[in-house]
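> For reference, each letter of the sequence shown is one residue, going -3 to 177 in the numbering used here. Glycine included, C-beta positions come from ideal geometry on N, C-alpha and C. The structure that follows is given in the form of C-alpha cells.
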Amino acid sequence: MRDNFNQVMVHIFDVEGGYVDHPRDPGGATNMGITIGTLRRWRDAPVTKEDVKNLTKMEAKQIYSAFYWDVVDCDYWPKGLDLVVMDACVNSGPRPAVKWLQRALGVDDDGRIGPITKGAVRATEHDGRRIGNAGEDPSGLIEDCIEERLKSVRSFRNYDVFGRGWENRIRKVRREALGML
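Shown next as C-alpha cells:
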C-alpha cells in the first residue's frame, strides 16, 4: 500500500510535545510520547529519566514504527484513517485503537488486525461512499472511529486530570484526518 508515516509523525510529535513527568500519569517520564517503559522495552536495557530526556526524534520514529505503526498495519489504511488509528495507538495502545476501529466497522472487537478487519475496511460503506485502499473517501469511518474513542476515554480513570486534553487532542485528530482526504 502507501506509506504516510512521515506525515502522520508530524502530527504525533506536535501533540506529544517534549519531556514530561506528570505525577498522575501512569506512564511516568515521557518524551515525544515515548514512556520510560517503552524506551526500556525498545532498548532491552535499563533506562533512566535522563535517557528519556535525551531521546532523539530519529529513535522515537523507529520506536513508533516498530511498536505502533507496523503493529496495526497503518500502511494498509486509507489516508486519514491511518492518522486516526496511529494517534489512538500512541495515546492508548494498539489493542484499544484496533478495538475502536473494529467497533466503528461493526465487527468483533478482539483488538487484533486480521482479514476480517481489513475486509470490513475495504467493504464498508459510509455516507454512501465505498472506502478502501484505492483512495476512496473514508470520512464516515474516520468519524465513527473518533466517536468510539471519545466514548471510551470518557470512562478512563484519569479522565478528571487528563480528559480535557484528550478530548482536545481527539478533536484535532478528527480535523487533521479529514483534512488529509
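Can you tell me whether Asp(-1) is buried or exposed? The criterion is at least 16 other CB atoms within 10 Å of its CB, across all chains shown.
Classification of Asp(-1): exposed, given that the 10 Å Cβ count is below 16.
> Considering only the beta carbon of each residue, do Ala173 and Leu79 sit closer than 8 angstroms?
Closer than 8 angstroms, so yes.
> May I have the straight-line CA-CA distance separating Gly23 from Val86, to the nearest angstrom?
The straight-line gap from Cα to Cα measures roughly 12 angstroms.
> Taking just the CA atoms, how far does Val103 sit from Thr178?
This structure does not reach residue 178, given that the chain is present from -3 up to 177, and the question cannot be answered.
> Tell me, please, which residues DSSP counts as bridged to Asn27.
Asn27 is bridged to Ile30.
> Which residue marks the beginning of the alpha helix (DSSP H) containing Val68, and which one marks its end?
Unbroken run through Val68: none, as it is neither H nor E.
> Start and end of the alpha helix (DSSP H) containing Ile194?
With the chain running from -3 to 177 in the structure shown, residue 194 is simply not present.
> Helix, strand or coil: which one does DSSP assign to Val16?
Three-state result, Val16: strand.
> Smallest Cα separation from Arg99: which of Val169, Ala62, Pro19 and Ile138?
If we check each option's Cα against that of Arg99, Ile138 comes out closest.
> Alpha carbon to alpha carbon, how far is Thr34 from Glu144? Give it in angstroms, no decimals.
Cα to Cα, the separation comes out at about 25 angstroms.
> In chain order, what residues of the same chain have a beta carbon less than 7 angstroms from the beta carbon of Asn154, not counting five sequence neighbours either side?
Same-chain partners within the cutoff: Arg20.
> Kindly provide the ranges of any alpha helix (DSSP H) runs that are 4 or more residues long and lie completely inside the region 81 to 119, ordered along the chain.
Complete alpha helix (DSSP H) runs here, min 4: 90 to 101 and 111 to 119.
> What residue from Ala116, Gly115, Val68 and Ile166 has the CA that sits closest to Ile109's CA?
Ranking Ala116, Gly115, Val68 and Ile166 by Cα distance to Ile109 puts Val68 first.
> Between Lys95 and Ala41, what straight-line distance do the alpha-carbon atoms span, to the nearest angstrom?
The alpha-carbon atoms of Lys95 and Ala41 are separated by roughly 31 angstroms.
> Taking the C-alpha atoms as reference points, what is the distance between Leu146 and Trp65?
Whole-angstrom Cα-Cα distance: 21 angstroms.
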